[in-house]
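What follows is a short report on a single structure.
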Amino acid sequence: MLDIKIDTVKKTIESRGYARVIVLLPAGVMARVGDLLDVIPEPVFLSNPCYGACDVPAHLLEKFKADAIFNFGHSRPKGIHYPGNVHFFEVQVKDEIPEFVPDFKRVGLVYVIQYKDTFGGYAEFLKNSGKKVVKGGTPDFMATYDSQVTGCDIGAAREVADEVDGFVVVSDGLFHANAVAALGKPTFNWFGERAEAPKFPMAALFTAKKIAILTGIKPGQNYQKEAKRAQKKLEEMGKEVIMVAGDVITPEISNFSVDFWITAACPRIPEDAYVSPSAPVREVLKYL
Numbered sequence: 644m645l646d647i648k649i650d651t652v653k654k655t656i657e658s659r660g661y662a663r664v665i666v667l668l669p670a671g672v673m674a675r676v677g678d679l680l681d682v683i684p685e686p687v688f689l690s691n692p693c694y695g696a697c698d699v700p701a702h703l704l705e706k707f708k709a710d711a712i713f714n715f716g717h718s719r720p721k722g723i724h725y726p727g728n729v730h731f732f733e734v735q736v737k738d739e740i741p742e743f744v745p746d747f748k749r750v751g752l753v754y755v756i757q758y759k760d761t762f763g764g765y766a767e768f769l770k771n772s773g774k775k776v777v778k779g780g781t782p783d784f785m786a787t788y789d790s791q792v793t794g795c796d797i798g799a800a801r802e803v804a805d806e807v808d809g810f811v812v813v814s815d816g817l818f819h820a821n822a823v824a825a826l827g828k829p830t831f832n833w834f835g836e837r838a839e840a841p842k843f844p845m846a847a848l849f850t851a852k853k854i855a856i857l858t859g860i861k862p863g864q865n866y867q868k869e870a871k872r873a874q875k876k877l878e879e880m881g882k883e884v885i886m887v888a889g890d891v892i893t894p895e896i897s898n899f900s901v902d903f904w905i906t907a908a909c910p911r912i913p914e915d916a917y918v919s920p921s922a923p924v925r926e927v928l929k930y931l
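Take any residue in the sequence shown, count from 1 to its spot, add 643: that is its number in the working numbering.
Take a look at the structure:
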């Protein structure tokens with residue numbers, strides 16, 4: 644069951660006097676559109692996918708003459724400055740706590756935002772099962788709360804990595820757990836599915852002749868400084884570099900004739916097969 648905190652949405656509308664609001668919904672919340680119609684006077688629902696707190700098209704406020712943007716399912720990121728009329732409404736999953744117990748003693752425990760309210764209950768379950776639970780630390784730039792991780796911000800897990808034997812990520816699926824697995828410890832989601840760390844084909848970068856650097860258009864996915872640094876270093880190595888900007892990245896991008904992609908947008912894009920071989924710009928800069 645999903646709790647989308649309708650009362651909080653209603654209070655925000657009333658206190659700010661909003662009428663026309665751009666609404667961003669992750670796929671799992673789209674079925675609850677009817678609930679939002681009852682409290683938002685003039686909603687404009689975007690059909691584009693919403694991948695995270697970084698994925699906010701603030702430039703559309705003026706285009707649609709909207710009073711605000713409401714992003715559902717994510718928390719306000721620490722490292723991105725959005726206007727005061729961009730609001731984040733956290734959605735909580737209210738399901739039974741699984742009974743997965745990892746086989747290592749010291750368990751590093753982190754969560755994704757949809758499970759913030761059940762995180763504490765699962766921590767108690769592990770303690771009662773004889774485990775030493777080490778909750779995550781402070782996140783880096785995209786997550787909001789201690790112990791919270793996102794697909795691109797595993798700072799909360801990294802801070803306690805030396806104190807644990809492995810990690811459990813309170814989440815469904817493996818998207819976030821795979822990111823935490825990059826720390827080199829056994830990692831599972833709370834259903835017991837084992838994660839695998841992403842592997843970037845860095846050798847292909849050095850043999851490539853033509854390289855494309857992909858940047859996002861939205862404020863949270865536009866890392867121009869890193870892109871320019873990578874471009875300069877690669878050109879000094881004799882590489883031909885082209886810059887590509889995109890809003891929503893689709894398989895059509897594979898039509899560009901390049902040998903290697905560097906993403907200065909979402910760092911998880913390289914996991915999509917249609918931009919392969921590829922790697923995040925921050926990973927690339929470690930090697931240049």
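C-beta atoms are modelled at their ideal positions from N, C-alpha and C, and glycine is treated no differently.
- DSSP, read as helix, strand or coil, puts LEU848 in helix.
- Under a 10 Å Cβ-count criterion, TYR694 is classified as buried, with 16 or more other Cβ atoms of the shown protein chains found around its own Cβ.
- For the segment 794-830, the continuous beta strand (DSSP E) assignments of 3+ residues that do not extend past its boundaries occur at 809-813, in sequence order.
- Distance between ARG872 and ALA846, taken at the CA atoms: about 20 angstroms.
- The beta carbon of ILE756 sits closer than 7 angstroms to those of HIS717, SER718, GLU733 and GLN791, all from its chain and outside the five residues before and after it, given in chain order.
- By the neighbour-count criterion, in which a residue is buried when 16 or more other Cβ atoms sit within 10 angstroms of its Cβ, VAL676 is exposed.
- In this structure, the beta-carbon distance from ASN728 to LEU667 does not fall below 8 angstroms.
- As DSSP reads the structure, TYR754 sits in a beta bridge with GLN791 and VAL813.
- Annotation for LYS653: the continuous alpha helix (DSSP H) segment containing it runs 649-659.
- TYR788 and ALA711 have their alpha carbons spaced roughly 24 angstroms apart.
- For ALA822, the CB contacts under 6 angstroms within the same chain, skipping 5 residues up- and downstream, are GLY794 and ILE797 in chain order.
- The beta carbon of VAL803 lies closer than 7 angstroms to those of GLY751, VAL777, GLY779 and GLY780 in the same chain, with the five residues before and after it left out.
- Under the 10 Å beta carbon count, LYS774 is surrounded by 16 or more other beta carbons and is classified as buried.
- When the five nearest sequence neighbours on each side are left out, the beta carbons in the same chain lying within less than 6 angstroms of the beta carbon of PRO844 are those of PRO920, in order along the chain.
- When Cβ pairs closer than 8 angstroms are counted between the two stretches, the segment 897-913 is seen to touch the segment 853-867, the count reaching three or more.
- Per DSSP, the unbroken alpha helix (DSSP H) holding LEU928 starts and ends at 924-930.
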